[in-house]
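Data first, discussion second: the structure below is written as structure tokens.
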Amino acid sequence: MGRSVTVHYLAAGGGAGGFTPILMIALLFGVMYFMMIRPQQKRRREAEAMQSALGPGDEVVTIGGLYGTVTGVEDETVLIEVAPGVQTRYARPAIARVVTRAELPSEPVTEDADTVKE
1 MGRSVTVHYL
11 AAGGGAGGFT
21 PILMIALLFG
31 VMYFMMIRPQ
41 QKRRREAEAM
51 QSALGPGDEV
61 VTIGGLYGTV
71 TGVEDETVLI
81 EVAPGVQTRY
91 ARPAIARVVT
101 RAELPSEPVT
111 EDADTVKE
């Protein structure tokens, strides 16, 4: 008779069985956060940083696969030259990645009249 009491007690959800499902759900949410949500937030922050750092001369690729060179930047849009004399306007989020950054001059180049040889 002692054995059937134990079986009925466990089948009725006695013991630590009431806490286990809550623990499993919390563990599942924790794993989902660290495996899916957190990496996506990191990628979004990196994309926003890249898009805010766009400047004239940067060679970029749009989300549609169009390569071009940034010629102008406004608050929400970027002007891209896709062919000589052909410029198109895109929203900043439409820029997928920067292929090459424009080189910034390290110091202004000035030539003195004395150093120029003719």
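Position 10, counted from 1, in the sequence shown is what our numbering calls 10; the numbers after and before it change by one each time, with no gaps.
Beta carbons: idealized from backbone N, C-alpha and C, even for Gly.
Small disclaimer: the values here were computed from a predicted structure and weren't measured.
Do the CB positions of proline 84 and threonine 71 come within less than 8 Å of each other?
Contact flag unset, no.
Going by DSSP, what residues sit across from isoleucine 95 in a beta bridge?
DSSP lists Thr62 as partners of isoleucine 95.
So, are the CB atoms of valine 60 and valine 99 less than 8 Å apart?
Yes, the pair counts as a contact, with Cβ atoms nearer than the cut-off.
How would you label phenylalanine 19, buried or exposed, when you count the other beta carbons within 10 angstroms and need 16 or more for buried?
With fewer than 16 other Cβ atoms within 10 Å, it is exposed.
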